[in-house]
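Protein sequence lines, in the order shown, are assigned to chains A and B. Okay, so the first sequence: first residue is 107 according to the working numbering, each after it adds one. Okay, so the second sequence: first residue is 946 according to the working numbering, each after it adds one.
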Amino acid sequence: MRKSSLVIIVYAVALILLWVYVGRVEMENRSFVVAGYGVTWGVLLWYALRLEGRGRATARAVASFEVAGGGK
Amino acid sequence: MEPKTGVERILGAAALVTMLVGSAVGLFLVPQDAAQGNVQRLMYVHVPAAWLAFMAFFIVFVMSVLYLIQRDVRWDRVAAASAEIGVVFTALTLLLGMMWGKPTWGVWWTWDPRLTTTAILLAIYVGYLALRSFADDEEKRARWASIVGIIGFANVPIVYMSVTWWRTLHQPPSSPRSVAPEILWTLMLNLAAFTLVYAYLMVRRVRLARLEGELEKRMAYNA
Chain A
107 MRKSSLVIIV YAVALILLWV YVGRVEMENR SFVVAGYGVT WGVLLWYALR LEGRGRATAR
167 AVASFEVAGG GK
Chain B
946 MEPKTGVERI LGAAALVTML VGSAVGLFLV PQDAAQGNVQ RLMYVHVPAA WLAFMAFFIV
1006 FVMSVLYLIQ RDVRWDRVAA ASAEIGVVFT ALTLLLGMMW GKPTWGVWWT WDPRLTTTAI
1066 LLAIYVGYLA LRSFADDEEK RARWASIVGI IGFANVPIVY MSVTWWRTLH QPPSSPRSVA
1126 PEILWTLMLN LAAFTLVYAY LMVRRVRLAR LEGELEKRMA YNA
């Protein structure tokens, strides 16, 4: 399994567990609280994974020049 | 991208663990606010996101000045990396502010001075990134971006002071004396977590910028 898929699964499970927990303790405004922390983690994880993806794609592009013999 | 170094792995792990602990404390351990209730827990992510956005744009400012003095492309790469991460944190600040605003003010958005100046801040640095993508020449791109990076930073103190200068719905800045110790410590813990996240993302983004520079050189050589 790819690392990004694993991260997405763990993130989704954690969010569901958090939603269930705050429901059980009857936290008021729970949708805003869960959405806030969910968005925070979601945005930061999305950006970190995107950086890794861009890094891999750029490294492949650089390597393709080496294979083609065009690199210096 | 090259594999992560030992320092990068430690930094990433430290950022992840501190974020987990900070979120857990902010969500479950610290008592709820007497006036706002549980929705105030959003402060532990909203305020650090805003502070880190300010810090990211301060780094853009410093690196832009250094670039214009020394004309070293490495300063420009650091500035570009910090601007991109600053945009992520600013967007996050606005989103979290909207989620906090709806239950407390009754609206998702209002043209309040703090909100408006923050939206302008986001627009400035999105523009900074767009400008970078328009210029093909590395030197020209770095020079234009540095000028925008220096002028754009003028909006950061305006955002910060907006709650003092104008009548606003947004609460004024808190001081350690006006906040309960448990709230203050939770805020500081989350600030540390966000700072570690920023540092980790910066290291990775600067490394990517170096790689992109290398690719540009090779493409130019082959053109």
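Just so you know, even glycine gets a beta-carbon here, dropped at the ideal spot from N, CA and C.
Alpha helix (DSSP H) segment containing residue i, residue limits
i: P1058(B); result: P1058 to F1079
i: M107(A); result: Premise fails: M107(A) is in no alpha helix (DSSP H) and is neither H nor E.
i: P993(B); result: M988 to Q1015
i: V1124(B); result: Element bounds for V1124(B): n/a, residue is neither H nor E.
i: G982(B); result: Looking at the DSSP string, G982(B) is not in any alpha helix (DSSP H), and its letter there is neither H nor E.
Below-8 angstroms beta-carbon distance, residue i vs any chain B residue
i: G129(A); result: no
i: A167(A); result: yes
i: G177(A); result: Here the model assigns G177(A) a pLDDT of 47, short of 50, so the residue's position is not dependable, and the following value carries that caveat. Yes - at least one Cβ of chain B is within 8 angstroms of the one on G177(A).
i: R108(A); result: no
i: L157(A); result: yes
C-beta neighbour in chain A for residue i, strict 8 angstroms
i: K1048(B); result: The identity of residue 1048(B) in the sequence shown is Pro, whereas the question assumes Lys. Taking Cβ atoms only, chain A reaches closer than 8 angstroms to P1048(B), which makes this a yes.
i: L1156(B); result: yes
i: R1077(B); result: no
i: S1027(B); result: no
i: R1163(B); result: yes
i: M1133(B); result: no
i: V952(B); result: no
i: E1159(B); result: yes
Beta-carbon proximity list for residue i, same chain, < 8 angstroms, skipping 5 on both sides
i: L124(A); result: V140, Y143 and G144
Beta-carbon proximity list for residue i, same chain, < 7 angstroms, skipping 5 on both sides
i: W1089(B); result: L1076 and A1080
i: M1043(B); result: W1053 and W1054
i: G129(A); result: R136
Neighbourhood of residue i by C-beta distance below 6 angstroms, restricted to the same chain and skipping five residues each side
i: Q985(B); result: D978
i: F1139(B); result: P993 and L997
**Request:** Give a yes or no on contact between the stretch 1057–1070 of chain B and the stretch 1096–1115 of chain B, applying the rule of three or more CB pairs nearer than 8 angstroms.
**Result:** In short, these stretches touch, since the Cβ pair count reaches three.
**Message:** Taking contact to mean 3 or more Cβ pairs, one atom from each stretch, closer than 8 angstroms, check whether the stretch 1024–1034 of chain B and the stretch 1003–1015 of chain B are in contact.
**Reply:** Segments in contact, yes.
**Asked** Listed in chain order, which residues of the stretch 122–153 of chain A have Cβ atoms closer than 7 angstroms to some Cβ of chain B?
**Response** When CB distances to chain B are screened at a threshold of 7 angstroms, the residues of the stretch 122–153 of chain A falling below it are M133, E134, N135, F138, V139, A141, G142, Y143, V145, T146, V149, L150 and Y153, in chain order.
**Asked** For the stretch 979–992 of chain B, which residues have a beta carbon sitting closer than 7 angstroms to at least one beta carbon of chain A?
**Response** So the close ones are G982, N983, V984, R986, L987 and V990.
**Cβ contact (3+ pairs, closer than 8 angstroms) linking the stretch 1103–1110 of chain B and the stretch 153–163 of chain A** = No, they do not touch.
**Message:** Tell me which residues of the stretch 1032–1062 of chain B have at least one Cβ-Cβ distance to chain A shorter than 8 angstroms, keeping chain order.
**Reply:** Per Cβ criterion, the list reads V1033, A1036, L1037, L1040, L1041, M1044, W1045, K1047 and P1048.
**Prompt:** For the stretch 1010–1018 of chain B against the stretch 950–965 of chain B, are there 3 or more C-beta pairs whose distance is under 8 angstroms?
**Reply:** No, because fewer than three Cβ pairs between the stretch 1010–1018 of chain B and the stretch 950–965 of chain B fall closer than 8 angstroms, the two stretches do not touch.
**Prompt:** Do the stretch 1062–1075 of chain B and the stretch 1130–1145 of chain B make contact, defined as three or more Cβ pairs closer than 8 angstroms?
**Reply:** Per the Cβ contact rule, the stretch 1062–1075 of chain B is not in contact with the stretch 1130–1145 of chain B (fewer than 3 Cβ pairs under 8 angstroms).
**Contact residues within the stretch 1141–1153 of chain B, judged by C-beta distance below 9 angstroms to chain A** = Correct list: V1142, Y1145, L1146, R1149, R1150, R1152 and L1153.
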